[in-house]
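The structure appears right after this line, and notes come after that.
2 protein chains.
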Amino acid sequence: MAERLHGQRPTLEDVARRAGVSKSTVSRVINGEPKVRAAVAERIRGAVAELGYVPNQAARKLVTRHNNAVAVVVTEPQNRLFVDPYFDCHLRGIRQELVRHGAQPVLLFIEEQDDYPRVCDFLGGGHVDGALLFSLLADDPLPDMVEQMGLPAVFGGRPLLGSGHRSDVYTYVDADNRGGAREAVRYLVSLGRRRIATITGPLDQAAAIDRLDGYRDVLPATPPRLLAQGDFTVRGGADAMALLLDQAPDLDAVFVASDLMASGALRTLRERGRTVPDDVAVVGFDDLTPIAEVTEPPLTTVHQDIEEMGRLMARMLCHRTSHPPLRGDDAPSLASVVTPTRLVIRDSA
Amino acid sequence: MAERLHGQRPTLEDVARRAGVSKSTVSRVINGEPKVRAAVAERIRGAVAELGYVPNQAARKLVTRHNNAVAVVVTEPQNRLFVDPYFDCHLRGIRQELVRHGAQPVLLFIEEQDDYPRVCDFLGGGHVDGALLFSLLADDPLPDMVEQMGLPAVFGGRPLLGSGHRSDVYTYVDADNRGGAREAVRYLVSLGRRRIATITGPLDQAAAIDRLDGYRDVLPATPPRLLAQGDFTVRGGADAMALLLDQAPDLDAVFVASDLMASGALRTLRERGRTVPDDVAVVGFDDLTPIAEVTEPPLTTVHQDIEEMGRLMARMLCHRTSHPPLRGDDAPSLASVVTPTRLVIRDSA
DNA sequence: TTGAAAGCGCTAACAG
DNA sequence: CTGTTAGCGCTTTCAA
Numbered sequence: 001m002a003e004r005l006h007g008q009r010p011t012l013e014d015v016a017r018r019a020g021v022s023k024s025t026v027s028r029v030i031n032g033e034p035k036v037r038a039a040v041a042e043r044i045r046g047a048v049a050e051l052g053y054v055p056n057q058a059a060r061k062l063v064t065r066h067n068n069a070v071a072v073v074v075t076e077p078q079n080r081l082f083v084d085p086y087f088d089c090h091l092r093g094i095r096q097e098l099v100r101h102g103a104q105p106v107l108l109f110i111e112e113q114d115d116y117p118r119v120c121d122f123l124g125g126g127h128v129d130g131a132l133l134f135s136l137l138a139d140d141p142l143p144d145m146v147e148q149m150g151l152p153a154v155f156g157g158r159p160l161l162g163s164g165h166r167s168d169v170y171t172y173v174d175a176d177n178r179g180g181a182r183e184a185v186r187y188l189v190s191l192g193r194r195r196i197a198t199i200t201g202p203l204d205q206a207a208a209i210d211r212l213d214g215y216r217d218v219l220p221a222t223p224p225r226l227l228a229q230g231d232f233t234v235r236g237g238a239d240a241m242a243l244l245l246d247q248a249p250d251l252d253a254v255f256v257a258s259d260l261m262a263s264g265a266l267r268t269l270r271e272r273g274r275t276v277p278d279d280v281a282v283v284g285f286d287d288l289t290p291i292a293e294v295t296e297p298p299l300t301t302v303h304q305d306i307e308e309m310g311r312l313m314a315r316m317l318c319h320r321t322s323h324p325p326l327r328g329d330d331a332p333s334l335a336s337v338v339t340p341t342r343l344v345i346r347d348s349a
Numbered sequence: 001m002a003e004r005l006h007g008q009r010p011t012l013e014d015v016a017r018r019a020g021v022s023k024s025t026v027s028r029v030i031n032g033e034p035k036v037r038a039a040v041a042e043r044i045r046g047a048v049a050e051l052g053y054v055p056n057q058a059a060r061k062l063v064t065r066h067n068n069a070v071a072v073v074v075t076e077p078q079n080r081l082f083v084d085p086y087f088d089c090h091l092r093g094i095r096q097e098l099v100r101h102g103a104q105p106v107l108l109f110i111e112e113q114d115d116y117p118r119v120c121d122f123l124g125g126g127h128v129d130g131a132l133l134f135s136l137l138a139d140d141p142l143p144d145m146v147e148q149m150g151l152p153a154v155f156g157g158r159p160l161l162g163s164g165h166r167s168d169v170y171t172y173v174d175a176d177n178r179g180g181a182r183e184a185v186r187y188l189v190s191l192g193r194r195r196i197a198t199i200t201g202p203l204d205q206a207a208a209i210d211r212l213d214g215y216r217d218v219l220p221a222t223p224p225r226l227l228a229q230g231d232f233t234v235r236g237g238a239d240a241m242a243l244l245l246d247q248a249p250d251l252d253a254v255f256v257a258s259d260l261m262a263s264g265a266l267r268t269l270r271e272r273g274r275t276v277p278d279d280v281a282v283v284g285f286d287d288l289t290p291i292a293e294v295t296e297p298p299l300t301t302v303h304q305d306i307e308e309m310g311r312l313m314a315r316m317l318c319h320r321t322s323h324p325p326l327r328g329d330d331a332p333s334l335a336s337v338v339t340p341t342r343l344v345i346r347d348s349a
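Taken in sequence, the protein lines are chains A and B. So in full-length UniProt numbering, spot 196 of the first sequence is number 196, and the numbers just go up one at a time. So in full-length UniProt numbering, spot 288 of the second sequence is number 288, and the numbers just go up one at a time.
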């Protein structure tokens, strides 16, 4: 069916000619404007179908200034990403909300330094109306770049900025990492545990820092031997646990900054012959049910509603993109949101 | 720094005015054309930086007809995708090759029926120069749509088409699933196994069908009780294995159509007290090392170079997009490629 | 209700 | 080496 008219994809003009009307009229029916005679509209729709016409978004965007697509940018080594159910939840919420608003989510990865300029050109190039940015590292250039381009953006997790920046100029959605960590550690204390270690995430990420801060809020004078840094992977958690056991064989509890790492820690504990929770109590963070429920023993962990956070981010972004920027002073940017966490007690502590 | 000139993002015109030259000259330095006096070029670069100018790709695309972005479309429930290291490898290869060609990969998901029209509009809207399409299901409308839009595309895995379609009109890259399966089953036979069962993938996917066909090539007269269908997940493999054990307690080998399923099957076998490979020999498919090497026992499986396949797909697509479509007859479309597989023998068979 | 015309921001000849 | 001039395909006043 799709006749190639001039060897190219059909344009509005082609459809118009075919239907014997003007471009304007075709444009009107394409965009669902009501003031077109039914018969004409029908004829046009026929022509569209016959020619297999699809509007050229680039051209449309040039005039309308938007194109119903939003970027989801993830700064993360891919191999980590695709193995971490955390993103899956986040993305599910985002997708759900975005499509509800008629926006197409497009996923972009940043894996190496070289990716920044290309991704920035893409973001600034008007391919998308806004961006949802994730897992920013310390001194990540993205927040500044996005801000400078004036592209509406919402961050997943508090952006960690270099000195001189205030994170309150950015809109973000984050879980109450610090409060959640505090609750977890307090719970361990309430259990009568005395030597409570912690396995942190990579400390160039806000979530890792905040969770450690929460731990320190409760246990300000922790000796270094009770601290080990992991990398939010199972393996990293296992290694950190081994290190901890070497440094402090007498520890009786450990607060692990993610479920993935906690499952690794559990494995090490088992290998070293420690029983959980009797010898060592373990509390994780995230409450990724596919993990937390199947560990041995099932994991006591800090719950956060990741999917809802994704939905929230998407909703906030859509709010900012659907309205043309207010003139005069800055538009009243939606405030950032910190969502509550809660401790879910299973068997590991 | 980024002064808002007319309250909008700066345009080429703004930069030109600022640098005291014409738009053309600015355009030249933006696009790295050499014939510009160094001093002028420098002045322009200064203006670009001061204004925070980023070219509007929509406008550029309108005239150049391309925009250095290609879509990677995945038709898969997200939760499956994000847990399957298979895609990780594929994507790694694709990304690598695409950025080498200066193209930005953008990932699109199709999860439900409603996603098709939106994704098609995106693909047809000229946001991307081409598309890499994955894990198509039987009767997936995507191949036809993409073909009809004239968007260059390369498929990952042989597309499964409804009747009346010949898959040879599409360019695809696929592993030799049938040959690999044949080799696996022959190996099992050579081991002296007599009752060789198989766990298939979902039979609406080409890879699953082809692997089953390979099994049947060697064992044409398999009784139904030796067949069970899985869904390419760990859980599915475990369930299928349980079913098989019920239906055919005397089986002495099983060819499992994916490593993920094989790891599930191994678990079931262990739970049922069968030793591997003594009681039951197991061969998987994919050779996802993060899985195959850590199963207990390590998995004998059919290896395919997934990352290289990704690279190949990207290379083929870039080849097709960088040249403007030849006039007259169809451009000599690159032939599809079937990459070889090889059996990797570890301990499970 | 429909059409004509003016641009959106950019590149690509073609002059100079 | 640089500026001028046309559009790319679409939406959007403004008239008819």
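C-beta atoms are modelled at their ideal positions from N, C-alpha and C, and glycine is treated no differently. These numbers come from a predicted model, not from an experiment.
Residues of chain B with a Cβ closer than 9 angstroms to the Cβ of A:Met149 are, in chain order, Ala2, Arg9, Gly52, Val54.
With the criterion set as a beta carbon lying under 7 angstroms from some beta carbon of chain A, the members of the UniProt domain "HTH lacI-type" (10-64) of chain B are Gly52, Val54, Pro55, Asn56, Gln57, Ala58, Ala59, Lys61, Leu62, in sequence order. Between the stretch 303-311 of chain A and the stretch 222-232 of chain A, the count of Cβ pairs shorter than 8 angstroms is below three; the stretches do not touch. When DSSP assignments are scanned along the stretch 191-254 of chain A, the uninterrupted stretches of alpha helix (DSSP H) that are 4 or more residues long and fall wholly within it turn out to be 206-218, 234-247.
Neighbours of B:Arg186 in chain A, taken as residues at a C-beta separation under 9 angstroms, are lacking, since the least C-beta distance is about 33 angstroms. For B:Gly124, the neighbours in chain A by C-beta distance under 7 angstroms run, in chain order, Val54. Proximity of B:Phe255 to chain A, defined by a Cβ-Cβ separation below 8 angstroms, is not satisfied. At a beta-carbon threshold of 8 angstroms, none of the residues of chain B lie near A:Gln304; the nearest stands roughly 18 angstroms away.
Counting only the Cα atoms, A:Asp140 lies some 25 angstroms from A:Glu307. Straight across, the Cα-Cα distance linking A:Val70 with A:Tyr53 is about 24 angstroms. In this structure, A:Arg95 sits near A:Pro105, with a CB-CB distance shorter than 8 angstroms. Shown in chain order are the members of the stretch 127-161 of chain A whose Cβ falls below 8 angstroms from a Cβ of chain B: His127, Gln148, Met149, Gly150. For B:Ala175, the enclosing beta strand (DSSP E) starts and ends at 172-175. Closest in C-alpha terms to A:Asp88, from the list B:Pro117, B:Glu76, B:Pro277, B:Arg346, comes B:Glu76. For the stretch 108-121 of chain A, the beta-carbon criterion of a distance under 8 angstroms to any beta-carbon of chain B is satisfied by Leu108, Phe109, Glu111, Asp114, Asp115, Arg118, Val119, Cys120, Asp121. With fewer than 16 other Cβ atoms from the protein chains shown falling within 10 Å of its own Cβ, A:Arg100 counts as exposed. Across the set B:Gln8, B:Glu50, B:Arg118, B:Phe232, the C-alpha of B:Arg118 shows the shortest separation from the C-alpha of A:Gln57. Two segments are said to touch when three or more pairs of C-beta atoms, one from each, lie closer than 8 angstroms; by this definition the stretch 252-262 of chain A touches the stretch 195-211 of chain A. A:Tyr215 has its alpha-carbon roughly 56 angstroms from the corresponding atom of B:Ser336. A distance below 6 angstroms between beta-carbons, with the five flanking residues on each side excluded, links B:Gln229 to the following residues of its chain, in chain order: Thr200.
In this structure, B:Asp213 sits away from B:Arg158, with a CB-CB distance that is not shorter than 8 angstroms. With 16 or more neighbouring CB atoms inside 10 Å of its own CB, A:Asp287 falls in the buried class. Proximity of B:Gln205 to chain A, defined by a Cβ-Cβ separation below 8 angstroms, is not satisfied. Take the alpha-carbon of B:Val302 and the one of B:Ala349: they are about 12 angstroms apart. Per DSSP, A:Arg346 lies in no beta strand (DSSP E) segment and is marked neither H nor E. Under the 8 angstroms criterion on CB atoms, A:Gln104 is classed as interfacial with respect to chain B. By the beta-carbon neighbour count (other beta carbons within 10 angstroms, threshold 16), A:Gly273 is exposed. A:Val146 carries a helical assignment under DSSP once its states are collapsed to helix, strand and coil. The beta carbon of B:Leu251 lies closer than 6 angstroms to those of Arg195, Ala197 in the same chain, with the five residues before and after it left out. In the three-state reduction of the DSSP assignment, B:Gly284 falls in the strand class, which pools E and B. For A:Val99, the residues of chain B that pass the 8 angstroms Cβ criterion are Asp114, Asp115, Arg118, in the order they occur in the chain. Within 10 angstroms of the beta-carbon of A:Gln304 lie 16 or more other beta-carbons, which makes it buried. Of all alpha-carbon atoms in B:Leu203, B:Arg186, B:Asp217, B:Ile291, the one lying nearest the alpha-carbon of B:Leu343 is that of B:Arg186.
Nearest C-alpha to A:Arg267 among A:Ala253, A:Pro290, A:Phe285, A:Val234: A:Val234. According to the DSSP assignment, B:Val26 belongs to the alpha helix (DSSP H) that extends over 23-30.
With fewer than 16 other Cβ atoms from the protein chains shown falling within 10 Å of its own Cβ, A:Asn31 counts as exposed.
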